[in-house]
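Take the sequence shown: its position 224, counted from the start at 1, is 224 in my numbering, and no numbers get skipped.
Note sheet for the following structure.
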Amino acid sequence: MLNVMRDNLKHLKPVLWVVAISMVAYLGAYFSCGDKSGGVDASWVAKIDDSTIDVRDFREQARRMDEYYRKLLGQQYEQLKGQIRLGSSTLSQMIDQRVMLLEAKKLGLEASPEEISRVIHESPSFQDANGKFVGRERYLQLIARAYRGGAPAYERSLADQIVVQKWQMLVSESTTVSDREVEDLYRLRNEKTAMRYVLVPSADVKTSTAVSDDELRAWYDAHLDDYLKPEARKIRYVVVERQKLADGVQVTDDEIKKYYDDNAASFEHPEQRRASHILFRVEQNDPEGKNDALVEEHAETVRRQLENGGDFAATARADSQDPGSAARGGDLGWFGKGQMVPAFEKAVWATPVGQIAPVTRTEFGYHIIKVTGERPAGKTPLQDVAGDIRAQLRVRKAQERMQAEADRIRGEIASPADLDAVAAKEGLTVKEATVAKGDRLAELAPSPEFRDTVFGMEPDTVSSPLGVARGLAIVACEAVVPPSTAPLDEVRERVATAILNQRARDAALARARQAETSGKALDAVARSLGVKAEDSGDLAPGPVSLPGAGGPSPELRARLFADDAKVGDRGVVVVPAGAVVYEITKRTPFDAKAFEAARPKLLAELQNQKSEALLQSLLPRLRERYDVRINSEIVKQFDS
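Right under this line is the structure:
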């Protein structure tokens, strides 16, 4: 997972406890199934088939989450503890990690001694002031003090993390990002418009509430699409699963060397630095800056403690509010200029290797930064990237093997009638579904290619292999279920409401246009309507929704973000709750040159987001494959 600084994305999610609370319904069902309590004195908190989650590991992870929420929520934490359900949410994360590890091992994925060694040698926790590995003896001493079970347990944990990451890469192979999505993200972050506006609510305009049968019928006939049940496809399908074909995939040293030589340019790097950081976030809604000042003071205190000999990596693991890097002792890896936000980059390049920079403020919060290494521009040695190349080639080989097998099976299916016989011969399971375009296909977690292809299929046709989460699906379309319109009697109330709403909007729009055509300044227009002109602040080119407007207005968005929109433009548009008279006061247009420079980073960010979403949709299905037993007595202690 990319860290907070490199992605320039990990803004504080709107109050993380809301996310935890939203999991309550799921957790309640999950932890009430297959529950065979071991009691408070048992050594295990969960068993997933024959794999056990040790109660000591659970308690340690719950303690870290408790500290994190306590710092994040402050005084509110005690009130919200019961809703967060610390024990259940902690164990859910640990079970997910264990399930992914078990799935990875089914595929034969492993972490080599070289990969484990490389992670250890590159960790700032085990490097001296010059960025060199401290040596085996010192490493063992550090681990013995900080990690229960010493080096063997620590290295087993590292191996598991590496294996899970490889599995995640493999599963996420089918995710794709379109050029449109990349451009939309850039526009959302960089294109801005601000305006002053006057809202004319339709609720303030009196209109008739009587609706005749003739009006109902006329509206219904003119808006049949609003009452349409969408077209669907009745399909049967099989999935050629990745995990059954990837076992035994090997990559030779010669193949790694050839890839390295063939892609030599991609291993060239500019001057780089390596740094670790500890992040303390600030509240987003803090107009007087009180929280900001407290966080800055706390960061200064922690920095002084580190300057006086404190353990930077241990402090980062315990205190940093950047979860991605905290697990690595704050390590952000190697990066060049232009990869971090400006204030962070300036601090890193102004600080000698081995030293800690002054507390630095960025849009993410306050950072304590330790510079752990530097290297000049050059080419990364083969031994430093061999593990990554091996993992990449293994994923590619597994994908190629799966594609070849799926193509072979597809070649044996001349028509949908052949699907059952071929599936039986190949040991595949045929499943059925009736799906419309808006349906969520949780069992498949399909790619856009899957959706586009399936909803373009005609009856009695068979698709080519299509990417889904578990591998490649071969789909037979049995029938097209045509769209149908709900009869008027079934939607009479909806039609009447639509008529009244439109009537009120039309009246508000007429009133707003009459006021705007007076030629008066916007404040004078507002006074004539008996309301006050408001400032929108900076708006991004997503759905534009104003307070009291009843929701987004596509027409207002189109006006504000048209290519020729400029400061001083005025107009009147309808919004769900009435009408708006607006005047553009600020405009930052789309910058094509800057977009091209930012494209690679945005593409990687979106791919990471889609991979995360795919994994989250897939995990509930994967859990169903395992016998999960929960020691509820221990979990309840932490939930309460």
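Positions of the beta carbon are idealized from the N, C-alpha and C atoms, including for glycine.
Since this is a predicted model, take the numbers as computed values, not measurements.
query	result
Whole-Å CB distance - T517 paired with A232, under 8 Å assumed	With 8 Å as the limit, T517 and A232 do not qualify as a contact, their Cβ atoms being about 48 Å apart.
Residues of its chain near D96, where Cβ-Cβ distance is below 7 Å and the 5 sequence neighbours each way are ignored	L619
Close-in-space but distant-in-sequence residues of the same chain around H121 (CB under 7 Å, 5 per side omitted)	F133
Exposure of Q141, with buried meaning 16 or more beta-carbon neighbours within 10 Å	exposed
G373 in three-state terms, based on DSSP	strand
Beta-bridge partners of E345, as assigned by DSSP	None; E345 has no bridge partner.
Reference S611, options V468, T453 and G438, closest by Cα	V468
Exposure label - D128; buried when at least 16 CB within 10 Å	exposed
Cβ neighbours of R511 in the same chain (closer than 8 Å, five flanking residues each side left out)	V200, V205, L529 and A579
Alpha-carbon spacing of D311 relative to S123, whole angstroms	14 Å
Cβ-based burial, Q305 [other Cβ within 10 Å; buried from 16]	exposed
Contact set for E624: own chain, Cβ-Cβ below 7 Å, skip 5 residues either direction	none
Per-residue DSSP class, three states only, for T301	helix
Near the ligand NAD: F58 beta-carbon under 7 Å from a heavy atom	This structure simply doesn't include the ligand NAD, nor any ligand for that matter.
Cβ-Cβ distance between L472 and M402 below 8 Å	yes
Cβ shell of S545 (< 8 Å), same chain only, five flanking positions each side left out	G551, P552 and S553
CA-to-CA distance, D292 to K81, given in whole angstroms	24 Å
Residues bridged to W334 (per DSSP)	R274
N- and C-terminal bounds of the alpha helix (DSSP H) containing K655	Residue 655 is absent from the model: the chain starts at 1 and stops at 640.
Inter-residue spacing [alpha-carbon to alpha-carbon] between A326 and I474	42 Å
Through-space distance from I162 to T90, alpha-carbon basis	21 Å
Contact between the region 268-276 and the region 335-352 (3+ Cβ pairs under 8 Å)	yes
Three or more C-beta pairs below 8 Å linking the region 147-159 and the region 473-493	no
Beta-carbon proximity check, G87 vs F561, cutoff 8 Å	no
Beta-carbon proximity of P543 to R559, cut-off 8 Å	no
R98, buried or exposed, once every other Cβ within 10 Å from all chains shown has been counted against 16	buried
A423 and V238 closer than 8 Å at C-beta	yes
Contacts around A377, its chain only, beta-carbon distance under 7 Å, and the 5 residues preceding and following it disregarded	H269, P270 and E271
Whole-angstrom distance between I630 and F58, CA atom to CA atom	12 Å
Neighbour-count burial assignment, K437, 16 or more Cβ in a 10 Å radius	exposed
Within 8 Å, strictly: CB atoms of G365 and R451	no
F590 in three-state terms, based on DSSP	coil
Distance between beta carbons of C477 and P448, contact taken as under 8 Å	Actually they are not in contact, since the Cβ atoms of P448 and C477 sit about 18 Å apart, beyond 8 Å.
Neighbour-count burial assignment, D331, 16 or more Cβ in a 10 Å radius	buried
The region 99-106 / the region 167-184 touching (three or more Cβ pairs under 8 Å)	yes
Selected residue, minimal CA-CA separation from A498, among A210, A347, P152 and S174	A210
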